[in-house]
Amino acid sequence: MVRKRTWFGRVFEGIMLASTVLGHWIVFYFIFITACKDQAEAARLTLAWPSEWKLWENIQYVMTFNNGLFVKSFWNSLRLTVCSIAILVFTSAMTAFILQRKRGWISKISDKLIIAGLIVPASVIPTYWVLSLLGIANTLTGLTLVEVATLFPFAVMMYKGFIATLPRELDEAAVIDGCGSVRLFFRIIFPLLKPITMAVIILRSIVVYNDFQNPQYFMSGSDSQTVQLCVYLFKSSFTSHYGRLMAAVIIVSVPLLLLYIFLNKHIMEGMTIGAVKG
Amino acid sequence: MKGKKSTFDKRIYAGWLAAPGLLIYILIFVIPTFASFYFSMTRWNLKTAEFTGLTNFITFFTMSNTRAALINTAIYAFFTCLVKVVLGLLLAQYLCGQVRSRGYLKTMYFLPTLLGNVAVAIAFESILSQGGLLNQFLANFGVEPVKWITGSRYAMLSCILVDIWKGIGTALVIYVAGISAIPTTYFEAAAIDGSTPTQSFFKITLPLMVPTINTVLTLSLIGGLRTYELVYAMTGGGPGYSTELLGSVIYKLFSRGSYGLATAGYVIMFVIVAVIVFPINSFVAKREADL
Amino acid sequence: MKGRRVFALCMSALLVGTMLAGCQKDGGTVQEEPTPATEEGGDAGPEPAAEGDKPYEGQTLQLAHNFLDSTMDGFQAQFTAFEEKYGCKVEVELLAENADEAESVLLTRAATGNLPDVFCASSGAKLQEFAPADNIYDISGEAFVERLTDEFIGIVDGDNGEVYGIPLRPSNVAGVFYNKKVYEELSLEIPTTWEAFLSNCQVIKDSTDKDPVVGAYDGAAGRQILFLSQYYYVVQENPDFAQQYTNKEIALSESPAYMRGLEKLYDLNEKGYLNSDPLSTSFDDSAIMLTEGTAVHTFSRTNIVGTIENVAPDKVEDIGFFPLPDESSQVRGAAIWLPQCWCISQSSENKELALLLFDFLVSDEGIAAYCEGTNPTGAFAVKGSQLPDNVSTVVKDAQEWANQASTPVMEYYCDIKGSNLSTILSMVGTGELTPEKGVEEIEADNAIDAQQKGIAGW
C-alpha cells in the first residue's frame, strides 16, 4: 500500500486543493465579506474589501428585526431540536430493542411499516389534519412529533442493527440477577447503545435544525417559527440588502459549524455508523 | 423447548416499551399515509371532504407545470444521484490513498452538508445571478454574462450543481467508511501479486463496495425524487416551469388551498418513489434478515 | 446507577406527559369544534375586567400579517403607541411575504381553529375563502365601524349586514412610475397611449444606455401589476366582466381589453425595453434602479414610494406617476388595490382587547401613528382622514388619479385565480409564451382553481 508519491500525485493533489479554494473558500469568503458591507457595496456582489465594516450593524439589524424575531426563533429551533431528538432517541431505542428481541406478528408488521417509512415521503396535508384532530396543529409539540415520526424509521433501523450484535445471554443473565425488562433496558442495554445514540443525536440534530420543509408546512404559530423559516422570511424581506441577508446566513449556520469544530470526530463516526448500518 | 423460550421472552421483553415509538409513528406517519389515498380522491378543505373519484389525478396530469415537473424531477434525481454515486466513490478512493491533505480535503467537502437549504440558496442565488461572482469571474476570460438561474437554459443545471456541492460530502463520508472497512491485507496481497492500483480498485474495492454503493444510490435517489426546498428557495420553480419539481408543485397547490389536489400529487410522488426505489432497495431488507 | 434510573424514569414521564398533553388537547378541540357558534353569543371577550389605571397590563394580543415592506414600519408605530396607551402587548407574527402563501397558512389555521387573535386578510371576493361567518368575528355593531368609508365596508361585509374587518393600510394605486429627470433631459412627454409609451421607450433605448423599463419579476407581485392594472380598461369595455367570468359566461380570450394586458407585458420584452435580468430583479432593486435613473419606468404600486423613501429619501421628488396607458388618450385610468383588512378571529379569547385595538387603529391617533412610522401610499378608507401634508407629490398625483378615474382590480370581484398565474405572466413577460398561449394557460389554470373551490358551473 505504501507507495512513493509520484510527480503526478503531487500535481493532482495541488489541483484538488485549488478546487477547494475555488469551490469552497471563495464561497465562504464571499458570504462573509458581503455580510460586512452596506447595502450599496454589497449589491455589487464582488469580493472586494468593504470600505466601511458593517458586519456588526448588519448582525445587529438581523437580531433586532421585528422585536428580536430571530432570537425567538433560535430559541424555538433549540427547543424543537432538543425535544424531538430526546424523544426520538428513547422511543426508537426502546422500539428497536423489542422489535429485535421479540419476534411475533406485531414485530413483523412493524418491521414492514418501518422499512416502508425509510423510503416513501411523508404525506404532509393529511398529517396536518391528524395534528389538528389531536389539537396540536401549529404548535411546537405538533412539529416535534412530526420530526420524531419522520426520523423514526432510520433511527430504529440503526438501533436494531446494533442490538442484533448484543448477545441474548446478556439479557438472560440480567434477568436471572433480578432485572425487570425496564431495568434490563435502561441499565444494561441502553448504555451499550451509546455509539448509536451519539450518532443519532448528532446526525439527526443537524437534520432537525436544518429542516425547512416540515416547518414550512406545519409552522404557523407565533411561537413555533423556526430559525430556517426566519431566514426564508428575510430572503423575501431584505431582497436587495445582501449585507443583512448574508449576516443572517452566517448567524444561522454558526451553531452547526461550532458543533462541527467541537464534535468533528463524533460526526464522522456517526456518519460512518449511520451509513453502514442504514 | 420453544414454548419455554417464548414465555421467557414474554417475561423479559415487555412489549409496551415499543409502544410510545410505534404510537407516534403510526399516528403521525402511517395513518396520514393511508388517509392520503382517500383524501386524494376528494375536494377537501380540511373540514369537509367531498368525494370526486379520480378527478384530481386527471387534473393533476393535465396541468402544464406538472408535465414539466415530472420531467424535471426525473432529470434532477438522475443526475444528482449519478454524480454523487460515481464522483463520490472516486473522491473517496482518492482520499483513502496516500494524500497528505486528506483530512483537510474531507473536511472541506463535508462542510457544506452542515448548511441549511435556505442559507445555501441565498448564497448561490447571489453568486450565480447575472451580475454575480461567477459571471464577474468569467468576464475575465471574455465570457458574456450568463443567466445561470434566471435563464431556462442553465437553471436546472445550476440547481443540480448546487445540490451536488451541498450533498456530495455525505456520499463521500459513507464511501470512505466503506473503503476503510476493507482489510488492508487484501490490497497488500494484491500488490505482492503485482497488480496496479487501478486493477486493485476494480478487482477488490469495487466488488466489496457494492452494498455501500447501494446505500449511497438509494439515499441520493430518494432524496433527489422527494426534495424541492433547495431549488424552491433558489428559483421558486422558475424561470417559467424550468426548475419546477414534483415537491414544489405540491407545495404551490397546498398554498392555494387545493388540499385534495395537492394530496393527489403526493400520492403520485409516493407511487413513483416506491416503484423506483423499492426494487433497488430490496437488498436492505435482505441484509436485515441476515443480521 | 441510581442516577440513571431516575433519568430513565424522568424520560418516561416526559414521554407519557407528551402523549397525555396531546390527548387532552384532543378532547378540547373535539368539544369546541361542533359548537363554534356558541362562543360568539357573548359580545365582549370572556376576560375578567381588571382593576387599576392600566387595565390591560400583562395581556397579550396575538397578531399576524405578511407586510414586510415599509408598511411594516407603519404597523410597528401603531402597535407601539397602542401598547404604551394600554399597557398590553401586541405580539406580531410575520407570515411568508408571498400573499398566497401567507393566506394559505391562515386558511389552514382557520380550518383547524388556530387563528391568532387578529390577522390580515384580503378584502373583497377572496375574503370568502375564510368562510367569514364561521371564522371571523362580526364587528358590525361597534361604534368605530361608522368611521369606515362605504366603499370599504362594501368589500368586507357579509350577506346580512355583517362587517368583518377594518382597513389595515392605505389603498395602493397602480400605474407607471417614472424618473422625471430623465424625462426632462430627453424632453419626453407623458404618454397618453400605449403607442406613445412605446415610442418614449424607443427614444430612451436609442439615445441612452438606460433601461426603458425595469421589470421586478423576482417576486410574484411584480410580475402581475402591469397585467392586473389593465383591469381598468377591461371594465370600461365590459362592466360585468368579473361577474360573467365567475359564472363562466365569457372566456378571457374573448375580451380584447383583457388580451391587451398580456400583449403589453409581451411587448416590453419583445421590443427589448426590459432590463436584462428581470427574473432576478426584486421589488427593492426596481426602486433603486428607478431612483438612480438606470431605469426610467416601472409598473408598480404606490407602496414603491415607501421603499424609495427608505433607500433614497432625497430622490423621492424625482419620481412621477401616470396611469397605465391604453388605446385611447381619452380613456385613461388607474387600478387600485383597496386596503386589505384586519380581522378578529371568532375563536379569539381576547376579543375585548382586539376591539380596543381596532378602535385605536381607525382613530385619528392611530392613523397619525401610522403616518409617523411610514409615509402613507394612498388614501385611508376612513371617513374624513386626510393625507398628511408631507406626503410626496407622486403619491398625491397617484391619489388624484384614484379619486377621478380608477377601479379596484379584478380580485375584489372574482375569486378565481390559478396557482400558476404569476409564473405564466413571467413567461409572457420574458417572451417564453405568446399572449395567445398565455391566455390559454391562464384559462386552464383558473379552471382547476375554480373546480377545486367548487364554484358553480365550472
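Chains as they are written, first to last, in this note's numbering: chain Y, 2 to 279; chain G, -17 to 273; chain F, 14 to 471.
In this text, a Cβ means the ideal position worked out from N, Cα and C, and glycines have one as well.
Item	Value
Residues of the stretch 36 to 50 of chain Y whose Cβ lies closer than 8 Å to any Cβ of chain G, in chain order	R45, L46, T47, L48
Buried or exposed by the 16-neighbour rule on C-beta atoms within 10 Å, applied to W57/Y	exposed
Chain Y residues whose Cβ lies nearer than 8 Å to that of Q118/G	L46, T47
Exposed unless 16 or more other CB atoms sit within 10 angstroms - verdict on W286/G	Nothing in the structure corresponds to residue 286/G, since chain G is present only between -17 and 273.
C-beta neighbour in chain A for N99/G, strict 7 Å	Judged by its chain identifiers, the structure shown contains no chain A, and its protein chains are Y, G and F.
is_contact[G470/F, chain G] using C-beta, thresh 7 Å	no
Simplified DSSP state of W130/G, which is helix, strand or coil	coil
Pairwise C-alpha distance: Y136/G and G442/F	19 Å
Beta carbon proximity, G219/G to chain Y, threshold 7 Å	no
For Y191/F, three-class secondary structure by DSSP	strand
Cut-off 6 Å between Cβ atoms - residues of its own chain near E385/F, not counting five sequence neighbours on either side	A90
Close beta carbons around N433/F, own chain, < 8 Å, minus the five adjacent residues each side	E454, D458
Other residues of its chain near L287/F: CB distance less than 6 Å, five sequence neighbours each side excluded	V226, G228, L281
8 Å Cβ cut-off: residues of chain F touching T240/Y	D231, G232, S295, F296, D297, D298
Backbone CA spacing between N117/G and S111/G [nearest angstrom]	8 Å
Distance between V209/Y and P106/Y (C-alpha atoms, nearest Å)	The sequence shown places Trp at residue 106/Y, not Pro. Near 32 Å, if we compare the C-alpha coordinates of V209/Y and W106/Y.
Contact with chain F by F234/G, beta-carbon distance below 7 Å	The sequence given here has Lys at residue 234/G, not Phe. Output row for K234/G: interface = yes.
Close Cβ partners of K328/F (< 6 Å) along its chain, the five nearest in sequence each way excluded	T304
Complete beta strand (DSSP E) runs within the stretch 323 to 370 of chain F (minimum length 3 residues, chain order)	332 to 335, 347 to 350, 354 to 357
Short CB-CB distance (under 7 Å) between T125/F and chain Y	yes
Residue-chain proximity (S46/G, chain F), Cβ-Cβ < 7 Å	yes
C-alpha gap between A105/G and V198/G, whole angstroms	27 Å
Alpha-carbon spacing of N388/F relative to V404/F, whole angstroms	6 Å
DSSP beta-bridge partners of Q75/F	E104/F
Range of the contiguous alpha helix (DSSP H) that encloses W106/Y	106 to 120
Contact list for G7/F against chain G, beta-carbon separation under 7 Å	In the structure as shown, chain F starts at 14 and stops at 471, and residue 7/F therefore has no counterpart that could be examined.
Closer than 7 Å to chain Y by CB, V255/G	yes
First through last residue of the beta strand (DSSP E) which encompasses V404/F	That residue, V404/F, is in no beta strand (DSSP E); it is neither H nor E in DSSP.
CA-to-CA distance, R182/F to L161/Y, given in whole angstroms	As written in the sequence, residue 161/Y is Lys, which differs from the Leu given in the question. Cα to Cα, K161/Y sits roughly 58 Å from R182/F.
Min CB distance N59/Y to chain F below 7 Å	no
Three-state secondary structure (DSSP) of F33/G	strand
Identity of the residues DSSP links to W(-2)/G by a beta bridge	According to DSSP, which records beta bridges pairwise, W(-2)/G is partnered with nothing at all.
Local Cβ density within 10 Å of K66/G, reported as buried at 16 or more and exposed below that	buried
Distance between Y258/F and P269/F (C-alpha atoms, nearest Å)	14 Å
Local Cβ density within 10 Å of E173/Y, reported as buried at 16 or more and exposed below that	exposed
Residues that N77/Y contacts on chain F, provided the C-beta gap is smaller than 8 Å	Simply none; closest approach about 12 Å.
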